[in-house]
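First the structure, in the form of structure tokens, and then the observations on it.
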């Protein structure tokens with residue numbers, strides 16, 4: 065993501081606390097120290113100024129949501145909500161407005177199992193940006209944009225990856241066959257076949273005997289010819 069349109073790709077990350085951190089790319093291609101992403105104050109008293117934080121366990125993505133030539137901010141939280149903060153500044157100097165909880169089919173989006181991990185892509189190839197959401201349950205869903213490029217309107221969730229059932233055991237931790245809980249998703253053409261695939265990171269905590277074990281993997285789900293379904297990569 066090129067945060068300020070200077071031709072260099074920067075890095076934006078959420079956090080357990082809910083704050084967002086921007087790592088700007090330096091001329092030597094390394095990253096500068098993180099900056100806390102903030103909202104500018106508004107009004108005589110500067111109400112609304114300060115660090116952006118819409119909820120703990122944040123995951124963030126930027127995209128030109130309203131097709132205005134500048135990047136808006138979309139944030140998922142541990143509670144499962146997804147919020148939009150429109151860029152009220154310029155492409156080169158973003159300034160974010162007040163957060164608005166995104167709705168799908170007229171209802172606030174709520175990730176299955178909480179821990180919403182949003183991503184934006186034209187999943188169905190109709191030229192409009194859609195919303196993908198990874199969920200705490202491991203489910204990954206697609207909300208199709210039924211509106212226009214300038215005024216998105218999201219449909220209800222279509223499941224692309226089913227949730228993982230039950231608790232993980234030692235076998236599933238050591239030799240997993242699919243992504244697990246707390247899915248974070250990105251859409252990209254992984255194998256160059258002209259179709260968007262899903263890249264999914266996960267995080268799982270499981271009790272094995274008297275100890276807790278943690279695992280986290282990154283998976284590639286290759287797209288089938290069908291426009292809405294996926295399959296696990298070999």
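Numbering (the working numbering), first residue to last: 65 to 298.
Note that CB positions come from ideal geometry on N, CA and C, so glycine has one too.
Residue i and residue j closer than 8 Å at C-beta
{"i": "residue 193", "j": "residue 186", "result": "yes"}
{"i": "residue 238", "j": "residue 252", "result": "no"}
{"i": "residue 143", "j": "residue 218", "result": "no"}
{"i": "residue 234", "j": "residue 200", "result": "no"}
{"i": "residue 140", "j": "residue 115", "result": "no"}
{"i": "residue 67", "j": "residue 172", "result": "no"}
6 Å CB neighbourhood of residue i in its chain, flanking five on each side removed
{"i": "residue 204", "result": "198, 224, 225, 247, 249"}
{"i": "residue 145", "result": "165"}
{"i": "residue 82", "result": "117, 119, 120, 122"}
{"i": "residue 99", "result": "86"}
{"i": "residue 111", "result": "For residue 111, the predicted model reports a pLDDT of 46, less than 50, meaning its position is unreliable and no value from the coordinates is stated."}
{"i": "residue 150", "result": "136, 161"}
{"i": "residue 268", "result": "232, 244, 245, 279"}
{"i": "residue 220", "result": "168, 169"}
{"i": "residue 177", "result": "199, 200, 201"}
{"i": "residue 254", "result": "261, 284"}
{"i": "residue 148", "result": "138, 164, 166"}
Option nearest residue i by Cα separation, candidates the options
{"i": "residue 266", "options": "91, 276, 242", "result": "242"}
{"i": "residue 70", "options": "134, 148, 268, 142", "result": "134"}
{"i": "residue 155", "options": "220, 286, 130", "result": "130"}
{"i": "residue 280", "options": "270, 287, 286", "result": "270"}
{"i": "residue 283", "options": "257, 240, 277", "result": "240"}
{"i": "residue 222", "options": "230, 207, 212, 65", "result": "207"}
{"i": "residue 79", "options": "101, 254, 171, 255", "result": "101"}
{"i": "residue 213", "options": "91, 65, 76, 132", "result": "132"}
{"i": "residue 188", "options": "272, 274, 65, 289", "result": "289"}
Boundaries of the alpha helix (DSSP H) in which residue i is found, first to last residue
{"i": "residue 238", "result": "234-238"}
Close Cβ partners of residue i (< 7 Å) along its chain, the five nearest in sequence each way excluded
{"i": "residue 125", "result": "138, 182, 183, 184"}
{"i": "residue 89", "result": "72, 73, 74, 95"}
{"i": "residue 287", "result": "259, 260, 261, 294"}
{"i": "residue 211", "result": "217"}
{"i": "residue 277", "result": "237, 270"}
{"i": "residue 153", "result": "159"}
Terminal residues of the beta strand (DSSP E) in which residue i lies
{"i": "residue 194", "result": "194-198"}
{"i": "residue 181", "result": "181-185"}
{"i": "residue 73", "result": "Neither: residue 73 is in no beta strand (DSSP E) and is coded neither H nor E."}
{"i": "residue 244", "result": "That residue, residue 244, is in no beta strand (DSSP E); it is neither H nor E in DSSP."}
{"i": "residue 141", "result": "Looking at the DSSP string, residue 141 is not in any beta strand (DSSP E), and its letter there is neither H nor E."}
{"i": "residue 270", "result": "268-272"}
{"i": "residue 89", "result": "Residue 89 -> no beta strand (DSSP E), and no H or E assigned at all."}
{"i": "residue 65", "result": "Unbroken run through residue 65: none, as it is neither H nor E."}
Sequence-distant residues of the same chain with beta carbon closer than 8 Å to residue i, five excluded per side
{"i": "residue 128", "result": "134, 135, 136, 193"}
Local Cβ density within 10 Å of residue i, reported as buried at 16 or more and exposed below that
{"i": "residue 209", "result": "buried"}
{"i": "residue 163", "result": "buried"}
{"i": "residue 216", "result": "buried"}
{"i": "residue 93", "result": "exposed"}
{"i": "residue 103", "result": "buried"}
{"i": "residue 228", "result": "buried"}
{"i": "residue 108", "result": "With a pLDDT of 42 at residue 108, under the threshold of 50, the modelled position of this residue cannot be trusted; read the value that follows with caution. That one is exposed."}
{"i": "residue 264", "result": "buried"}
Heavy atom of the ligand COA within 7 Å of residue i beta-carbon
{"i": "residue 166", "result": "The ligand COA is absent from the structure shown, which contains no ligands of any kind."}
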